[in-house]
Amino acid sequence: MKNLRSIALKEAQDRKSPEVSSPSPKISEYFGSHVFDKKKMRDYLSKEVYEKLISSIGYGEILNQEDANQIASAMKTWAMSKGVTHYTHWFQPLTGTTAEKHDSFFEPSGEGAIEKFAGSALVQQEPDASSFPNGGIRNTFEARGYTAWDPSSPAFIMERKAGKTLCIPTVFVAYTGEALDYKAPLLKALAAMDKAAVEVCQYFDKSITKVNASLGIEQEYFLVDLALYNARPDLALTGRALFGHISAKGQQLEDHYFGSIPDRVFTYMVDFENEALKLGIPLKTRHNEVAPSQFECAPIYEEINLAIDHNQLLMDVMEKVALRHNFKVLFHEKPYAGINGSGKHNNWSLITDTGKNLLAPGKTPKNNLMFLTFFVNTIKAVHEHADLLRASISSVSNDHRLGANEAPPAIISIFLGQQLDGILDEIEHSRINKKAKEESGMWLGIPKIPQISLDNTDRNRTSPFAFTGNKFELRAVGSSANSSGAMTVLNTIVADQLVKFKVEVDKLIKKGEKKDVAILTIIKKYIKESKDIRFEGNGYGKEWEDEAAKRGLSNIKTTPKALDALVSEKTTDLFIKTNVFSKRELHARHEILLEEFYKKLQIESRVMGEVVNSQIIPAAISYQNELIKNAQGIKDLGIGEDALATPLALIKEISDHIKGVKTNVDEMLEARKVSNVIEDTREKAIAYDEKVKIYFDTIRYHTDKLEQIINDQIWPLPKFRELLFLNK
Ligand SMILES: [Mg+2]
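Under the numbering used here, the sequence shown has 233 at position 233, and the numbering climbs by one with no breaks.
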């Protein structure tokens, strides 16, 4: 009988790509064609309502019912002209994916039927969404949750083969107003950042009235043939291979990175990029990543809320389009042990409404005071709240990656590059020269900052948070994560830091100090106070772990403990002060993240047990029986003991591994039973981490040994070499 693996292998080898063609050789001709963007708003709205909507997008001005009616009607007219029949509020619940519930425009009326979309339906919906994670904020008997329109992210059309849907980006909140999603707190953090940054900008430029955080998200992913994926219950149910001996050839030759993209993959890339571009996602870059079958795409940076909506949408589009190509896209941080995992580098900066990037050094020492203000405050904020930032990137899947010598370590540190690191040292140690002329190379004690070419700043790939010329790059975010978690934290801590900075500077000014001197005095103080977080060396080395411990930096390796920082007194104060989370919301989130952690381990452990018992052990026994027959035959021939040595040794080896794997699976089951009855969620998550997960490696050791011994013809699971190399 043919096993699923051999059928899948045949299918994977015979793949033909579907025909793919771009709508036009000029991307600008179809970019954003499925988005109700500013141009379409202008075309479909009265001048007055258009201006109100623009002001609502930029400055949060409230729109009235009549305006909403006109906007809804305009959206409907535009959408219907593109063949749309349904609309949905599109939101980002704490499951990590996106959610939608479609309603049609169609409505029966006295004389037949009409297509209708009222302003009230645009602005607010009440999905019966009681089954989303809420961490105790909602009970099912009071399950009301509301989605509310976010005008700052434009509506778009999601196109499927069978129909089109108008998607309206929304926040998702409980009837009490408490956030149940990723977007609501992010918007609050961005509001806090805008306010704090504008106030600090006033020291330098009175014309600045708005500061937007910007973000560019690099997305790494793996591709695997759909048939092979379906023949691996572990990949299909957990997103990662729980078994599998490393392929003899992996990434050691470094021949995949930036290599020529295989044809089948290239066709897929073009296909999903076309879809993404129609949705206004400004994709720019594509390339092979380090591991075999690993790739990356990256857009141009955008306002942060939009960048995150676009990343969530992109992941959805990539998954859908992959199926047309008989691929499965894996966003898991570590689908395959032994080769690199995937991340989502978050390139973050601050841009004013006058077009200035606050994290780009200026040309003269004087206009570098503004740059240094934002630069040093960011460093100080990360120093103060490193544990919280670490918590914000924690997940069961990212635990495989952080500190695994291929991705940033679990120790949060900042890499600035030699030049800027040296400049901060120089500022720290030089006296403020109040008389220095602006034209001189050194002003007030600020040396000239050379214009840094981007190539010079990106040398240290081992740092979790690196300055790269005109932005900071948070590299520790997991590839499957919604970046909002980390970005809500980053923007909140920097906003809070800027508020503190302003208080300290104003105090000095009040005492009679000149403004520039006051600013520089506080910057110098912050440089000194936050020095320990700066690290220029190899973040993967053991020496850094020791050094970091000496500096008092945390090195929390697992999620359940890292998440403690989310509910500490310091964090609670921070979030309440900045109006981003209430205490109840924080505790709810903490609970949800812990639940997600142990539930995912629970699923992995169950899948492991099932595959071992129903596929691996039977395959091992079947091969062992062949060997027993073989040994018996040799014995019957009477050709001597020597000839029996190999089959007998193999029979024994297989027995040992079967015993090893079976004993550990049984013990793991017992450990699960013990963990399952623990009531406290944190304790339960720790139990799963420390008492259940520890069996995974041992089980895998035995199954991977069996994989290497057993007849390839009967091994049931597609092997790593097949998963990784059959994509041409
Ligand atoms: Mg990369």
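For every residue, glycine included, the Cβ atom is placed at its ideal position computed from N, Cα and C.
For residue i, three-class secondary structure by DSSP
i, result
"Ser109", "strand"
"Ile576", "helix"
"Asp455", "Low local confidence applies: a pLDDT of 49 at Asp455 is under 50, so the model's placement there is unreliable, and no value is given."
"His332", "coil"
"Thr285", "strand"
"Ser349", "strand"
"Arg232", "coil"
"Ile621", "helix"
"His89", "strand"
"Ala360", "coil"
"Gln219", "strand"
"Phe725", "helix"
"Leu717", "coil"
"Asp263", "helix"
"Gly422", "helix"
"Asn613", "helix"
"Asn212", "strand"
"Phe374", "helix"
"Ile393", "coil"
"Phe535", "coil"
"Val224", "strand"
"Phe467", "strand"
"Lys10", "helix"
"Gly355", "coil"
"Glu19", "coil"
"Ile339", "coil"
Option nearest residue i by Cα separation, candidates the options
i, options, result
"Asn664", "Lys691, Asp680, Lys684, Asn676", "Lys691"
"Asn433", "Pro618, Asp636, Lys524", "Lys524"
"Glu591", "Thr681, Lys561, Leu180", "Thr681"
"Glu722", "Tyr146, Ala68, Ser293", "Ser293"
"Asp666", "Tyr87, Ile634, Phe696", "Phe696"
"Asn482", "Lys531, Asp564, Ala74, Leu593", "Leu593"
"Thr729", "Thr98, Ala620, Pro282, Phe106", "Because the chain is modelled from 1 through 728, residue 729 falls outside the range shown and cannot be assessed."
"Leu563", "Leu226, Ala79, Ala588", "Ala588"
"Thr462", "Asp532, Leu490, Phe415", "Phe415"
"Ser81", "Tyr257, Glu61, Lys40", "Lys40"
"Gly163", "Tyr87, Leu186, Tyr221", "Tyr87"
"Gln219", "Tyr229, Ala298, Phe501", "Ala298"
"Gln615", "Glu569, Pro233, Asp225", "Pro233"
"Gln65", "Glu289, Ser120, Pro154", "Ser120"
"Glu302", "Asp103, Val329, Asn326, Gly355", "Gly355"
"Val376", "Asp150, Lys2, Phe725, Tyr526", "Tyr526"
"Glu282", "Leu313, Ser260, Asp263", "For clarity, residue 282 is Pro in the given sequence; the question names Glu instead. It is Leu313 whose Cα lies nearest to the Cα of Pro282."
"Glu595", "Ile411, Asp421, Val396", "Val396"
"Glu729", "Gly343, Val173, Leu122", "Here the chain has residues from 1 to 728 only, and residue 729 is not among them."
"Ser73", "Thr98, Ser55, Ser46, Gly60", "Ser46"
Any chain C beta carbon closer than 9 Å to residue i
i, result
"Leu416", "The structure shown contains no chain C; it is built from a single protein chain."
Mind listing, in chain order, the continuous beta strand (DSSP E) runs of no fewer than 3 residues lying wholly within the stretch 112 to 193? 112 to 115, 145 to 149, 156 to 160, 163 to 174
Which residues are close to ligand 1, meaning CB closer than 6 Å to any heavy atom, in chain order? Glu218, Glu220, Glu289, Glu296
Counting beta carbon pairs with one atom in the stretch 347 to 357 and one in the stretch 191 to 207, are three or more of them shorter than 8 Å? yes
Take every Cβ of the stretch 179 to 191, pair it with every Cβ of the stretch 81 to 97, and state whether three or more of those distances are shorter than 8 Å. yes
Is the stretch 337 to 345 touching the stretch 373 to 387 in the sense that three or more CB pairs, one from each, lie closer than 8 Å? no
Between the stretch 194 to 211 and the stretch 491 to 499, do three or more beta carbon pairs fall short of 8 Å? yes
Beta strand (DSSP E) runs contained entirely in the stretch 271 to 321, provided each spans 3 or more residues: 283 to 288, 294 to 299
Please list the segments of the beta strand (DSSP E) lying wholly inside the stretch 35 to 105, counting only runs of 3 or more residues, in order along the chain. 84 to 91, 99 to 104
Using 8 Å as the Cβ pair cut-off and three pairs as the minimum, do the stretch 457 to 473 and the stretch 202 to 209 touch? no
For the pair the stretch 236 to 252 and the stretch 709 to 727, tell me if three or more CB-CB distances fall below 8 Å. yes
Three or more C-beta pairs closer than 8 Å, one from the stretch 148 to 160 and one from the stretch 26 to 36: is that the case here? yes
Say whether the stretch 145 to 153 touches the stretch 117 to 128, bearing in mind that this needs 3 or more beta-carbon pairs closer than 8 Å, one atom from each stretch. yes
Examine the Cβ distances between the stretch 471 to 489 and the stretch 308 to 319 and report whether three or more of them are shorter than 8 Å. yes
With a floor of 4 residues, list each alpha helix (DSSP H) that falls wholly inside the stretch 624 to 678, ordered by position along the chain. 645 to 676
Hey, is the stretch 254 to 268 in contact with the stretch 12 to 19, meaning 3+ C-beta pairs nearer than 8 Å? yes
With a threshold of 8 Å, are at least 3 pairs of Cβ atoms found where one atom belongs to the stretch 694 to 714 and the other to the stretch 576 to 586? no
With three or more C-beta pairs closer than 8 Å as the rule, is the stretch 318 to 334 touching the stretch 223 to 239? yes
Quick check: the stretch 672 to 680 against the stretch 620 to 635, are there 3 or more CB pairs under 8 Å? no
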